[in-house]
Every structure is written in structure tokens, then in C-alpha cells.
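Enquirer:
Residue numbers (this note's numbering): 8 to 258.
Printed below as a string of C-alpha cells:
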């Protein structure tokens with residue numbers, strides 16, 4: 008049974024035509040895909056309005072599946088109030104090759120952010136069959152002092168898009184909480200919650216919970232100057248742990 012579940016989970020990665028939204032970065036695994044609390048350039052693959060600039064490399068082992076790894080490279084630069092993000096997530100397996108290439112743009116003002124990301128998914132399996140699909144993400148965020156709201160509509164153009172409705176608050180300097188409702192019209196909708204706790208600007212602890220399927224995430228990030236290193240794990244009710252590592256430079 009576990010072997011069959013692992014194969015099914017792997018198909019969620021290599022067959023983006025099904026519209027499955029996955030979290031390949033360590034930050035996204037720790038936060039359960041709630042990008043409102045993310046400061047990682049790697050998460051531009053999930054949202055165009057992260058608001059950070061720099062370069063990031065990510066490594067992900069989904070559900071500890073043997074011979075299956077996801078590598079990512081992500082970059083974001085700003086031109087005044089405009090942030091341009093680009094990157095790729097590449098899944099490697101003996102029978103499957105899959106890529107998610109994206110290009111995003113966002114307008115970032117003092118209390119407002121609006122963005123759009125275009126994705127090109129490509130997958131090839133051992134039978135030499137190949138598939139590709141275009142889809143897009145849009146996001147809007149508003150904030151005032153320590154409170155923020157966000158709306159994301161992701162994987163537009165796929166057969167299974169998702170609508171993310173979220174809110175967050177900073178209860179104290181370096182301590183933030185967020186919650187979201189993910190509406191999946193052709194899949195399982197879920198509630199999610201996440202927290203982030205920064206310790207002396209050197210270490211950040213992040214965690215998350217998801218209702219459907221029930222999952223927990225936890226990560227720790229080390230920051231030294233402009234360099235960041237993060238490790239995270241995420242549970243699954245039937246499969247093994249997923250592991251993620253992010254290494255990046257911010258500017």
C-alpha cells in the first residue's frame with residue numbers, strides 16, 4: 008500500500024496537467040504553503056508577491072521517495088516598485104523528468120502588492136511521452152501596521168486551480184501568525200495555519216498545520232549577513248517525511 012501511495016504522490020509532481028500545487032522549497036514546507044509569512048526567494052514559485060530580492064537554491068526530497076529529488080533555482084530583482092522574479096523547479100527520477108519554469112512581475116507599494124506569474128510545466132516519462140501546460144498565478148495583498156490580508160488564485164488554466172484566502176498578524180517584533188482557507192473546486196479544500204518566530208535576527212523557527220490532508224511542517228532558518236540557510240520537514244498521514252533545504256543570498 009505504501010508503495011502505491013508513493014507512486015501516486017510522485018505522479019502529483021510530474022503530472023502538472025492535473026493542477027496539483029506542491030511546495031518544493033524548505034520555506035514552503037515549513038509554512039504549509041502560506042506565503043504571507045515567507046521571506047524566501049524560492050517561494051516566488053508559489054506567489055508573485057513575496058517582495059524579497061536575491062537568489063536562492065532549493066533541494067527537496069518529497070515523502071522521502073528513493074531516487075526522487077526536486078532541485079530549484081530562483082532569482083528576483085527590483086526596478087523601483089516593480090519586482091521581476093524568475094526560476095525553475097526540476098524533478099529528477101529514473102522514469103520521470105519534470106520542470107516548472109516561471110516568470111513573474113509584481114507591483115510593491117507601502118501597503119499594497121499586486122502580482123502575476125506565468126508558469127510553463129513540462130514533463131517527460133520513460134515511454135518518451137511528454138506533456139506541457141501553461142498556467143498562471145495572480146495575488147493581491149493589503150496590509151496596515153501589523154495586520155495583512157492576501158488573496159491568491161493559483162494554477163489558472165489548469166483543471167484544478169486553487170483560491171487562497173489568508174490573513175496574518177505580527178503579535179510582537181519577530182513573532183507572526185497567519186491562517187488561510189484554500190478552496191479547491193475539483194479537489195480537497197483545507198484550512199491552514201502557520202507561525203514564524205525570529206530569534207535575535209540569527210535564527211528563525213517556522214511551523215504549520217493543514218487540515219486536509221492533515222499535515223504538520225517545521226523548519227529552522229539561519230541568517231548570517233546576506234546569506235540564509237534553511238532546513239524543513241513536513242509530515243503526511245500515509246507517506247514518509249518530506250525534507251527540504253534552501254540556500255540563498257538576499258539583496
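Each residue gets a CB set at the ideal place from its N, CA and C atoms; glycine is no exception.
1) So, with DSSP's three-state summary, where would you put residue 50?
2) Would you tell me roughly how many angstroms separate the C-alpha atoms of residue 212 and residue 121, rounded to the nearest one?
3) Does the separation of the CB atoms of residue 77 and residue 96 fall below 8 angstroms?
4) For residue 7, which residues from the same chain have a beta carbon less than 6 angstroms from its beta carbon, with the 5 sequence-adjacent residues on both sides left out?
5) When the cut-off is 8 angstroms and only beta carbons count, does residue 121 lie next to chain D?
6) Taking only three categories from DSSP, how would you classify residue 247?
7) Measuring CA to CA, which of 113, 208, 237 and 190 is closest to residue 217?
8) So, are the CB atoms of residue 201 and residue 39 less than 8 angstroms apart?
9) What residue range is occupied by the uninterrupted alpha helix (DSSP H) comprising residue 36?
10) Give the straight-line distance between the Cα atoms of residue 250 and residue 163, rounded to the nearest whole angstrom.
11) Less than 8 angstroms between the beta carbons of residue 194 and residue 43, yes or no?
12) Starting from residue 202, follow the beta strand (DSSP E) in both directions and report where the run begins and ends.
13) Buried or exposed: which applies to residue 168, given that a residue is buried once 16 or more other Cβ atoms fall within 10 Å of its Cβ?
14) Runs of 3 residues minimum, wholly inside the region 134 to 220: which ones carry the beta strand (DSSP E) assignment?
15) When DSSP labels each residue in this structure, what does residue 71 get in the three-state scheme?
16) Could you check the C-alpha separation between residue 94 and residue 245 for me, to the nearest Å?
17) Only counting the same chain, and skipping five residues up and downstream in sequence, which positions put a Cβ closer than 8 angstroms to that of residue 209?
18) Bridge partners of residue 113, per DSSP?
Expert: A quick look at the data gives this:
1) helix
2) 27 angstroms
3) yes
4) Nothing about residue 7 can be reported from this structure: the residues present for the chain run from 8 to 258 only.
5) No chain D is present in this structure, which holds just one protein chain.
6) coil
7) 190
8) yes
9) 33 to 38
10) 28 angstroms
11) no
12) 197 to 206
13) buried
14) 137 to 151, 154 to 163, 169 to 179, 182 to 190, 197 to 206 and 210 to 217
15) helix
16) 31 angstroms
17) 229, 230 and 231
18) 90 and 122
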